[in-house]
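Scroll down for the structure; my scribbles are underneath it.
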Amino acid sequence: MGEKTEIYSGIRQKTEALLKIKDMSLSFIQYTSGLRQTELKVISGLSMEAHKGEILAVVGSSGSGKSLLAHAILGILPSNAKLEGKMEYCACTLTQEKKEELRGKELALIPQSTTYLDPLMRISDQVIGSVEEENEGLRKKLQRKIFRKYDLKPEVERMFPHELSGGMTRRVLVSTAVISSAKLIIADEPTPGLDDKTLKETLSYFRDMANNGCAVILITHDIEAALKISDKIAIFYAGTILEVANVEDFKNDGEYLRHPYTRALWNALPQNKFQAIKGHQPMQDEVTDGCIFYERCSKKSEFCSKGFPNLKRVNGGLVRCNNVS
Amino acid sequence: MSSAIAMGNKSLFQGLNLRQKTILIISFTSILLFAIVIISLFLAGNALPTNFESKNLAPSLEHPFGTDWMGRDMFVRTLEGLGLSIIIGAFASLISTVLTLILGLFSSLGKTADSFVSWLVDLFLSVPHLLLIILISIGMGGGTKGVIIGVALTHWPSLTRVVRAEIKQLKTQEYLHISKNLGNSKWWIATKHILPHLSPQILLGTILMFPHAILHEASVTFLGFGLSPHEPAIGIILSEAMGYLSAGYWWLAFFPGLSLLIVVLAFDMIGENFGKLMNPKMAHE
Amino acid sequence: MKHAKLGFFLGKKTIKLISLLVVVCFASFWIVEQSPIDPVRAYIGEMSIQSEQKAKLDEYWGVNTPVQEKFFNWAGKLLKGDFGVSLIYRVPVIDVIKEKFTASLILMACSWLISGVIGFVLGIIAGMKNGTWIDKAIKTYCYILTATPTFWLALLLLMVFSVYLGLFPLGFSVPIGVAAANVTLFDKFQHLILPALTLSLLGVAQIAMFTREKLIKVLLSDYVLFAKARGEKGLDLILRHGVRNVALPAITLQFLGFSELFGGAALVEQVFSYPGIGQATVAAGLRSDVPLLLGIVIFSAIFVFFGNLIADLIYEFIDPRLKQKEAML
Chain A
3 MGEKTEIYSG IRQKTEALLK IKDMSLSFIQ YTSGLRQTEL KVISGLSMEA HKGEILAVVG
63 SSGSGKSLLA HAILGILPSN AKLEGKMEYC ACTLTQEKKE ELRGKELALI PQSTTYLDPL
123 MRISDQVIGS VEEENEGLRK KLQRKIFRKY DLKPEVERMF PHELSGGMTR RVLVSTAVIS
183 SAKLIIADEP TPGLDDKTLK ETLSYFRDMA NNGCAVILIT HDIEAALKIS DKIAIFYAGT
243 ILEVANVEDF KNDGEYLRHP YTRALWNALP QNKFQAIKGH QPMQDEVTDG CIFYERCSKK
303 SEFCSKGFPN LKRVNGGLVR CNNVS
Chain B
6 MSSAIAMGNK SLFQGLNLRQ KTILIISFTS ILLFAIVIIS LFLAGNALPT NFESKNLAPS
66 LEHPFGTDWM GRDMFVRTLE GLGLSIIIGA FASLISTVLT LILGLFSSLG KTADSFVSWL
126 VDLFLSVPHL LLIILISIGM GGGTKGVIIG VALTHWPSLT RVVRAEIKQL KTQEYLHISK
186 NLGNSKWWIA TKHILPHLSP QILLGTILMF PHAILHEASV TFLGFGLSPH EPAIGIILSE
246 AMGYLSAGYW WLAFFPGLSL LIVVLAFDMI GENFGKLMNP KMAHE
Chain C
41 MKHAKLGFFL GKKTIKLISL LVVVCFASFW IVEQSPIDPV RAYIGEMSIQ SEQKAKLDEY
101 WGVNTPVQEK FFNWAGKLLK GDFGVSLIYR VPVIDVIKEK FTASLILMAC SWLISGVIGF
161 VLGIIAGMKN GTWIDKAIKT YCYILTATPT FWLALLLLMV FSVYLGLFPL GFSVPIGVAA
221 ANVTLFDKFQ HLILPALTLS LLGVAQIAMF TREKLIKVLL SDYVLFAKAR GEKGLDLILR
281 HGVRNVALPA ITLQFLGFSE LFGGAALVEQ VFSYPGIGQA TVAAGLRSDV PLLLGIVIFS
341 AIFVFFGNLI ADLIYEFIDP RLKQKEAML
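Protein chains in written order, with our numbering: chain A, 3 to 327; chain B, 6 to 290; chain C, 41 to 369.
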C-alpha cells in the first residue's frame, strides 16, 4: 500500500484528494440456468483519485461496468455484489455505513436517464427530496433558484418525469445534485442524446461545480466530450483503469500518452487519424493470465502474457503497461 | 455484502446448494402425491366396513382421524377422497391444457383468430368461476360427469392468456419472419417454432392449474352438486361433517380439510420450485 | 378534452357490456337447455298434482315449444325487465336478486375492504423486509391461505367461535322465530362477522403476495436506487416511492377480484346460512330453478364487469403515465 501512495503523490496535485480508491474489485454471485452458482468479476484492481476543483473523466466503452463504479462509491450495489478493496473519503475509510451517512449530503449522483426519476412523483418534490418539514420552505426557495439558473420554467415543477424533454431531464437531474451541496459529484453518462448546444451547456454545469470546489467524476464513453472539460482522463477497460492521463497529454499523434489503448482511442477520433482499433474487450467471464490488453496490443512482448502489470507513475500520469518507462 | 449470500444457504438443508434443494423438494412432494393416489386406488376396491360399535370416535392411535357416525375410519375415507380429488384434478388440468394448446396455436394463425381467442377468454372470465362450473355441470346433467366436465372446461382461460402473450412476444422475433419468408405455412410455424418454445410455460401452467381444479371440484361437491353421497370425495365428507359440528365431532371436518390443504400446497410447491429451475432469475429473491 | 375522452371510453364500454350480456344470455340459456332438467317437476317439487294441471304448467313453462321460440320469449321478456318468476321462492326473480344481492353486497364489501387493507399492509411489510423471517412468515401464511378450501376455513371458524366459544349464533342471518321487521341492526351485524372474517382472511393472500412482489420490483428500480443514492432510506423511502408506485396496481387488482369474491361468498354463505346471492345460487342450481339461475348469471356478469370497468378507469385515467401516453398517440 505504501508504495502506491507514493506513486500518487507524484501526480500533479493542486489540491488534496477527496476520494481515493485502491485496488477495488467487484464481483456478482449469480445463478445460471438449472440454479448453478457462478461468480462474475466486473471490476478488478481498480485504483483512482478524485480531487477538489477537478473533473476526472472515467472513459470506457458502453456496458463495461462503469456505472457500477459509481454505484460502488455510493454504496448502492445490489445484494449479490461482492466489493473488495479500500476506499477513502477525506482521509477517512469509506465503509458502507459511512457511505449511507454521506450520500445525499456530501456525495451526489447524477444518473443517466429519466428512469432514475420516480414516474409518479412531481418534479419539484423529487428535486427537493426527502426533507424535514421545517426545512421544506427553504429547500423550495433553493429549488426555484436553481430552476431559474438552469432555465427550467415554473410549470416544470408540477410535471411528471415522462413529460420532460431530454434536455429538461438532464437539467432536472443536475439540479438534484446542486441542491444537495455535495462535495463529490459523480455524473453517470450525462451526455448521450443531447444536441450540441445542450451538450455544451451540460458540460459547463460540471465545470461550474468543479470551479466551486467540488470534485467531479464524469463517467462517460464519449472521450471527445470528456476532453473538452476534464482535467484528467482515466481510461477504463475490461473492469480496470489502464491509464490516468492529464488532459494536456492528448495532442498531436498521442505521443505523450502512455498506454497503447489510450493512443488507439485518441487516434480513432475523426479529427485525428480516424483509425478504429481491431478486436474487442475481453468478456467478463474470460480469464486472462497476462495483461488484459494483450490480445489487441501492438507492442506486446512475451513478458506481457505473464501477469498483469501494476499501475505505475510515468510522466505525471499513471499507467498499467510493461512497455513504458 | 457477503452475509446476504451466506444467509440463503443457512437454512434447513444446510450443505445443499439451491439447485439440489429445489430438486429435493420437487421429488419429495411428487412422491407424496403419487403415494396418495396409489394407496387410494388400492383402497377403492374394498367397501369401507361400517361398524356401529365404534362410531363417532375421537382420533386415536387406531383411528388417527377418528371415525364417523357409521363407524367408518376417517383416515381411510380421507385418503380415498384425496386420491379421487387428485385424479379429477389431473383429468381437468389435462383437458384444460389441451384446450389452451389448441386455442394458443389457433391464435397464432392471424389477427382474426387472435381476437376470437381473446374474446372467448374474456367471455369465460366474465361470469364468476364457481357459477360457471355450476352452470356447465347442470347443463351436462349434473352428477360426477357434470362436475368433472364443468371443472375441465373452465380452467384454460388464464393459462391461455399467458400463452397468447408469449406468442405475441415470440412473433416479434427475427427468425419467425425469416421462416415465413422462406414460404413455411402458418401452421408449420406454429407447430415447429412456436410450440417448442411454449412447452415449458405450458407444463408449468398445467402444474399450477392442478390446485385450482382440485379446490373447485371440492367446493362444488361441497355445495351439493355432482358426486353422489357414497363417493368418498373430500367435499362430500366435509358437507356431511357440517351436520355433526354442533355435536362437537370436530375431527370429521378438521382432518379431511387439512389433508386437502396439504395436497394443494404440495402442488403449489412443485409448481413454484419447477418455475425456479426454469427461470433462475426467480432464485435471486 | 378530458371529458370527451372519458365519454368515448364509457361509450365503448357500454357497447362492450351490451354485447357481452347478449352472448352471456344466449350461451347460458343454451347450456341450461342442454340439461335434462324438467322445470315443471322443479316447480311442483314434492306436491302431487293431477295430470291436467301438469299439462297446464307444461304449457306455461313452454316445455313443448321449440328451443328458439323459448329463447326469444325469454329474451323478449328480459328486454322489458321481466326476468320471470323464481320457482323456489315463488316471487319474481328480480325481487329475489335485489334482496339477496343487497345482503351479499354488504358481506362482500366488508371483506373486500378489510382484505384489501390488511393484504396491502402485509405485502408492504413483507416486500420491505424481503428475505427476513417476517417476510417468510407472511409468505408462508399467504401460501397456506391460497391452498385453504374456503368452506373448510368457514367450518373451522364456525366450530371455534360458534360451537366452542358460543360467541356467535349458528347460522341464519335472522334469528329463528323473529319476524324480519324486528331484526335489530345488531343481529344483522352479528351474523355478518364470521362470514366476513372468513372471506377477509382468505382474500388477504392474493393482494399481499402481489403487493410484495410489486414492491420488491419497485425497490430494485432505478428511481429507488437514485433515491438511496440521495440518502433516502428505511420507512421514509418506502412511503415516498414504494407505496406511491404500488398502490394503484394493488387497487386495480382488488377490483379485478370480483369474480373470486362472488365464488367465495357462495361457499361462505352456504356454511353460515347467510341468506345472500351465493346461497340463492346454490339453491337455484340444486333445485333447478332455471329462471333464477339465469338471472343470477346475468347479474353476476354485470357485477364482474363493473369491477373490471373500475380497474380500467383507474388504469386509463388516474395513472399519470398512461394519461400522457394516450395524449401522445
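Backbone N, C-alpha and C define an ideal beta-carbon position, used for all residues, glycine too. As the structure is a prediction and not an experimental result, all values here were calculated from the model.
The CB of glycine 106 (chain A) comes closer than 8 Å to the CB of Ala269, Arg270, Gly271, Glu272 in chain C, given here in chain order. Around phenylalanine 346 (chain C), the same chain offers no residue with a beta carbon nearer than 6 Å, after the five sequence neighbours per side are excluded. Annotation: methionine 161 (chain A) to glycine 169 (chain A) spans about 15 Å, alpha carbon to alpha carbon. Looking at the DSSP output, valine 316 (chain A) shares a beta bridge with A:Gly319. Listed in chain order, the non-local C-beta contacts of asparagine 325 (chain A) below 6 Å within the same chain comprise Lys301, local neighbours out to five positions each way being set aside.
Under the three-state reduction of DSSP, threonine 116 (chain A) is assigned to helix.
With a cut-off of 8 Å on Cβ pairs, the region 153 to 172 of chain C is in contact with the region 246 to 262 of chain C, counting three or more such pairs.
Collapsing the DSSP output to three states places glutamine 273 (chain A) in coil. At a cut-off of 8 Å between beta-carbon atoms, threonine 117 (chain A) makes contact with chain C. Among the residues of chain B, none has a CB under 8 Å from the CB of phenylalanine 312 (chain C); the nearest is roughly 11 Å distant. Residue range 200 to 228 is occupied by the alpha helix (DSSP H) that includes glutamate 222 (chain B). Within chain C, the residues placing a beta-carbon under 8 Å from that of alanine 258 (chain B) are Trp192, Leu195, Leu196, Met199, ordered along the chain. Shown here, cysteine 306 (chain A) sits in a helix according to DSSP, grouped into three states.
Counting only the Cα atoms, phenylalanine 49 (chain C) lies some 14 Å from isoleucine 358 (chain C). Chain A places no beta carbon closer than 8 Å to that of aspartate 329 (chain C), leaving this residue out of the contacts. Taking all protein chains shown into account, phenylalanine 39 (chain B) has fewer than 16 neighbouring C-beta atoms within 10 Å of its C-beta and is therefore exposed.
For tyrosine 239 (chain A), the uninterrupted beta strand (DSSP E) run begins and ends at 234 to 239, by DSSP. Along the region 59 to 76 of chain C, going in chain order, the ones with a CB nearer than 7 Å to a CB of chain B are Leu60, Val63, Val64, Ser68, Ile71, Val72, Gln74, Ser75, Pro76. With fewer than 16 other CB atoms across the displayed protein chains lying within 10 angstroms of its CB, serine 183 (chain A) is exposed. Using a Cβ-Cβ cut-off of 8 Å, tryptophan 255 (chain B) counts as an interface residue toward chain C, since at least one Cβ of chain C sits closer than that to its own. Under the three-state reduction of DSSP, isoleucine 78 (chain A) is assigned to coil, being neither helix nor strand.
Relative to threonine 238 (chain C), the option among C:Ser91, C:Gln310, C:Trp114 whose CA is nearest is C:Gln310. Nearest CB-CB separation between isoleucine 141 (chain B) and chain C: below the 8 Å threshold. A direct Cα-Cα distance of roughly 13 Å separates glycine 229 (chain B) from proline 237 (chain B). Taken through DSSP and simplified to helix, strand or coil, asparagine 324 (chain A) comes out as coil. Counting of Cβ neighbours within 10 angstroms places arginine 105 (chain A) among the buried residues, the total reaching 16 or more. When secondary structure is reduced to three states using DSSP, glycine 148 (chain B) falls in the helix class. Under a criterion of Cβ atoms nearer than 7 Å, the residues of chain A adjacent to phenylalanine 266 (chain C) are, in order, Leu111, Pro113, Tyr118. Given a length threshold of 4 residues, each whole run of the alpha helix (DSSP H) inside the region 118 to 193 of chain A is given here in chain order: 125 to 130, 135 to 151, 168 to 181. Proximity to asparagine 312 (chain A) across A:Cys323, A:Phe30, A:Ser303, A:Asp198 peaks at A:Cys323, based on C-alpha coordinates. Here histidine 221 (chain B) is buried, its C-beta having at least 16 other C-beta atoms within 10 Å. Judged by beta-carbon spacing, proline 113 (chain A) lies beyond the 8 Å limit of phenylalanine 302 (chain C), meaning their Cβ atoms are not closer than that value. Below the 7 Å Cβ cutoff, chain A contributes Leu122, Phe162 as neighbours of proline 360 (chain C), in chain order. In this structure, the beta-carbon distance from leucine 135 (chain B) to alanine 187 (chain C) does not fall below 8 Å.
The Cβ of proline 237 (chain B) sits no closer than 8 Å to any Cβ of chain C. Spatial neighbours of alanine 228 (chain A) in its own chain (CB-CB distance under 7 Å, excluding positions within 5 residues in sequence) are listed in chain order as Ala59, Val61, Leu220, Thr222, Ile235.
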